[in-house]
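Engineer: As you go down the protein sequences, you meet chains A and B in turn.
Under the numbering used here, residue 382 is the last one in the first sequence; the count climbs by one each step, no gaps.
Under the numbering used here, residue 1033 is the last one in the second sequence; the count climbs by one each step, no gaps.
Beta carbons: idealized from backbone N, C-alpha and C, even for Gly.
Computed from a predicted model, the values in this text were never measured in an experiment.
Structure provided below as structure tokens; questions to follow.
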Amino acid sequence: MKYVDEYRDGKVARQLAEVIASTVEPDRLYRFMEFCGGHTHAISRYGLEDLLPKNIRMIHGPGCPVCVLPAGRIDMAIALAAPPEVTLCVYGDLMRVPGSQRTSLLRAKADGADIRMVYSTLDAISIAELEPSREVVFFAIGFETTTPPTAMAIRLAQKKQLTNFSIFCNHVLTPPAIQAILDGVDLNDPNQVALDGFVGPAHVSTVIGTKPYEFFAETFRKPVVIAGFEPLDVMHAILMLVRQINDGRHEVENQYIRAVTRDGNLRAIAEVADIFELREQFEWRGLGFVPFSALRLKKAYAAFDAERRFAMPEITAADNPACECGAILRGVKKPVDCKLFGTVCTPENPMGSCMVSSEGACAAHWTYGRFRDIQQRKAS
Amino acid sequence: VILHVGYALTKIDPEEAKRTLALLAELGGAEPEPAS
């Protein structure tokens, strides 16, 4: 595929690895968080850690929408789908995300709830049009990449005068999550993550641009390099971060110049700003309640807001106490540090949200990374 | 274009894409592909 295959060239990746190896200062530790699940997936799938010097450590971040959705919001969705007149439309990954008490939307569907998997907001709109007697609710989740499509669906529903369509809004924002992680950075506390720089989001940044990260680079003195999702993009971004650290710089740099600009997609930003407003706080799996980190529909669009329309009570629920998803999402622990990993928790039977989506740190490690562990054990 | 849940997020800029590839090739010490 054009503009994809070229960025997966193994020969260039090995050459880049040599450049990185000769650029790192041997006595220095470089701890980089890749915020996005897309990067986590690329790092695991292409075995990038094998190409990096030992003093570069990649830490998985919370940028996987399915992973950070707390159990309480799944419980709320299950309750929402219980009345017989409701059809709940969800993206496929969400089906298996564990709620509390070992529930999931998939189990609720098996118990008789009308929960349907969709690929796009437009599918949910079509269902609402074709089945006017159903109360069709779209379970809206995701970062800044999936919010504009939800905004488009609201616009379309308004235009078509659909009175049986609403959304259960769970859209979250990247910058407050980065801030929550950086607020927790403590080089002396083993329960907190230590970080030297960020590989910044690819697709999210096509929408929001590079400008929102300038605050973090400046205030927290951490370099940020926005990177594409292909393996050469990630390697290139790591080299750019290493160079910044060696030079004592902390800037926002854009590796993904083929798709990301400083201002982002202004049309999408304007559309989202017109329909959504900030929530004062929102619960994240792993990060807890983060101020001003999520969106809800403005009052003018209350008719499309399932939380208002169905007077949904807020539910906060505890995760499985043995699950380490929270610490993994904060970058404090690795998937193998969890005693459930690969024993009772696998992608076929996920106990925690990080094992559900292919972008999740645990699922990525299960699918690709664990084979590296076996080789390392054999070698030692 | 870059697609996400059925919508185009943005268009790939072919010139910038070539520039990145040329830079990657240069970093790796190989001859960059001519930007045609």
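1) So within the segment 194-271 of chain A, which uninterrupted alpha helix (DSSP H) runs reach at least 4 residues, ignoring any that extend past its ends?
2) Taking only beta-carbon atoms, is residue 1013 of chain B less than 8 angstroms away from chain A?
3) At 8 angstroms on the CB atoms, spell out the chain B contacts of residue 277 of chain A, in chain order.
4) Identify whether residue 306 of chain A lies in helix, strand or coil by the three-state DSSP scheme.
5) Does the pairing of the segment 106-119 of chain A with the segment 87-95 of chain A give three or more beta-carbon distances under 8 angstroms?
6) Between residue 233 of chain A and residue 50 of chain A, which are expected to be in contact by the criterion C-beta below 8 angstroms, what is the C-beta distance as a whole number of angstroms?
7) Quick check on residue 385 of chain A - is its C-beta less than 8 angstroms from some C-beta in chain B?
8) At what residues does the beta strand (DSSP E) containing residue 78 of chain A begin and finish?
9) Within 10 angstroms of the Cβ of residue 134 of chain A, are there 16 or more other Cβ atoms? Answer buried if so, exposed if not.
10) According to DSSP, residue 1005 of chain B sits in a beta bridge with which residue or residues?
11) Could you check whether residue 225 of chain A and residue 266 of chain A sit closer than 8 angstroms to each other, using their CB atoms as the reference points?
12) Is the segment 355-373 of chain A touching the segment 65-76 of chain A, taking contact as three or more C-beta pairs under 8 angstroms?
13) Check distances from the C-beta atoms of the segment 250-283 of chain A to those of chain B and list, in chain order, the residues that come in under 9 angstroms.
14) Closer than 6 angstroms by C-beta to residue 336 of chain A: which residues in its own chain qualify, once you throw out the five before and the five after it? Chain order, please.
15) Between the alpha carbons of residue 309 of chain A and residue 8 of chain A, how many angstroms are there, rounded?
16) Starting from the beta carbon of residue 1022 of chain B, find every residue of chain A whose beta carbon is closer than 7 angstroms, and list them in chain order.
17) Give the interface partners of residue 121 of chain A over in chain B, defined as CB-CB distance under 9 angstroms, in chain order.
18) Less than 6 angstroms between C-beta atoms, sequence neighbours within five positions excluded: which residues of the same chain meet that for residue 1029 of chain B?
19) By alpha-carbon positions, which one of A:174, A:75, A:163 and A:291 ends up nearest to residue 279 of chain A?
20) Look up residue 32 of chain A in the DSSP assignment and say whether it is helix, strand or coil.
21) Tell me the DSSP secondary structure of residue 1028 of chain B in three-state form.
22) For the structure I just gave you, are there three or more beta carbon pairs, one from the segment 1007-1019 of chain B and one from the segment 246-260 of chain A, closer than 8 angstroms?
23) Apart from the five residues on each side of it in sequence, which residues of its chain come closer than 8 angstroms, Cβ to Cβ, to residue 176 of chain A?
24) Where does residue 168 of chain A land, buried or exposed, given buried means 16+ other C-beta within 10 angstroms?
25) Name the DSSP bridge partner or partners of residue 293 of chain A?
26) Beta-carbon of residue 348 of chain A versus every beta-carbon of chain B: anything under 8 angstroms?
27) Determine the DSSP secondary structure at residue 138 of chain A, reduced to helix, strand or coil.
28) Counting only the same chain and skipping the five closest in sequence on each side, list residues whose C-beta sits under 8 angstroms from that of residue 162 of chain A.
29) List the residues that DSSP assigns as beta-bridge partners of residue 41 of chain A.
30) Hey, could you find the ends of the alpha helix (DSSP H) residue 178 of chain A is sitting in?
31) According to DSSP, what are the bridge partners of residue 373 of chain A?
32) If you measure between the beta carbons of residue 340 of chain A and residue 326 of chain A, is that distance less than 8 angstroms?
33) Could you tell me which chain B residues have their CB closer than 9 angstroms to the CB of residue 212 of chain A, listed as they occur along the chain?
34) For chain B, find out if any of its Cβ atoms is closer than 8 angstroms to the Cβ of residue 26 of chain A; answer yes or no.
35) For the ligand PLP, is there a heavy atom less than 7 angstroms away from the beta-carbon of residue 56 of chain A?
36) Taking the C-alpha atoms as reference points, what is the distance between residue 243 of chain A and residue 26 of chain A?
Structural biologist: Judging by the given coordinates:
1) Within the segment 194-271 of chain A, the runs of alpha helix (DSSP H) at least 4 residues long that lie entirely inside it are, in chain order, 205-210, 216-221 and 233-249.
2) Answer yes: the Cβ-Cβ gap between residue 1013 of chain B and chain A drops below 8 angstroms somewhere.
3) Going along chain B, no residue has its Cβ under 8 angstroms from residue 277 of chain A, so there is no contact; the nearest lies around 15 angstroms.
4) Helix at residue 306 of chain A.
5) Contact between the segment 106-119 of chain A and the segment 87-95 of chain A is present, because at least three Cβ pairs lie under 8 angstroms.
6) Rounded, the Cβ-Cβ distance is 6 angstroms, consistent with contact.
7) Because residue 385 of chain A is not part of the residues shown, which for chain A are 3 to 382, the question remains open.
8) Residue 78 of chain A -> not in any beta strand (DSSP E); alpha helix (DSSP H) instead, spanning 73-82.
9) By the neighbour-count rule (16 or more Cβ atoms within 10 Å), residue 134 of chain A is not buried but exposed.
10) Paired residue(s): B:1000.
11) Residue 266 of chain A places its beta carbon 8 angstroms or farther from that of residue 225 of chain A.
12) Proximity of the segment 355-373 of chain A to the segment 65-76 of chain A meets the contact definition, three or more beta-carbon pairs being nearer than 8 angstroms.
13) If the cut-off is 9 angstroms between Cβ atoms, the segment 250-283 of chain A has 257, 258, 259, 260, 261, 262, 263, 266, 267 and 270 near chain B.
14) Within the same chain, no Cβ atom closer than 6 angstroms to the Cβ of residue 336 of chain A is found once the five residues on either side in sequence are excluded.
15) The alpha-carbon atoms of residue 309 of chain A and residue 8 of chain A are separated by roughly 45 angstroms.
16) Under the 7 angstroms cutoff, chain A gives 14.
17) Taking a Cβ-Cβ threshold of 9 angstroms, the residues of chain B close to residue 121 of chain A are 1002 and 1003, in chain order.
18) Residue confidence is low: residue 1029 of chain B scores 44 on pLDDT, short of 50, so the model does not pin down where it sits. No coordinate-derived value is stated.
19) Out of A:174, A:75, A:163 and A:291, A:174 has the C-alpha closest to the C-alpha of residue 279 of chain A.
20) DSSP places residue 32 of chain A in strand when its eight states are reduced to three.
21) Caution applies to residue 1028 of chain B, whose pLDDT of 46 falls short of 50 and renders its modelled position unreliable; the value that the coordinates give is listed next. Of the three classes helix, strand and coil, the one that applies to residue 1028 of chain B here is coil, per DSSP.
22) Contact holds between the segment 1007-1019 of chain B and the segment 246-260 of chain A, because three or more Cβ pairs, one in each stretch, are under 8 angstroms apart.
23) Within the same chain, Cβ atoms closer than 8 angstroms to the Cβ of residue 176 of chain A are found at 37, 65, 145, 146, 203, 206, 210 and 214, the five residues on either side in sequence being excluded.
24) Counting the other CB atoms within 10 Å of its CB gives residue 168 of chain A a total of 16 or more, which places it among the buried residues.
25) Answer by DSSP bridge pairing, in chain order: A:283.
26) No, residue 348 of chain A does not count as interfacial toward chain B.
27) DSSP places residue 138 of chain A within a strand segment (E or B) once states are collapsed to three.
28) Listed in chain order, the non-local C-beta contacts of residue 162 of chain A below 8 angstroms within the same chain comprise 127 and 131, local neighbours out to five positions each way being set aside.
29) None, per the DSSP bridge assignment.
30) DSSP places residue 178 of chain A in the uninterrupted alpha helix (DSSP H) bounded by 176-185.
31) DSSP, once it has assigned bridges, lists no residue as partnering residue 373 of chain A.
32) In this structure, residue 326 of chain A lies closer than 8 angstroms to residue 340 of chain A by Cβ.
33) Around residue 212 of chain A, no beta-carbon contact reaches into chain B at under 9 angstroms, the shortest distance being about 13 angstroms.
34) Not closer than 8 angstroms to any Cβ of chain B, the Cβ of residue 26 of chain A fails to qualify, so no.
35) Absent from the structure shown: the ligand PLP. Ligands present: none.
36) Rounded to the nearest whole angstrom, the C-alpha separation of residue 243 of chain A and residue 26 of chain A is 10 angstroms.
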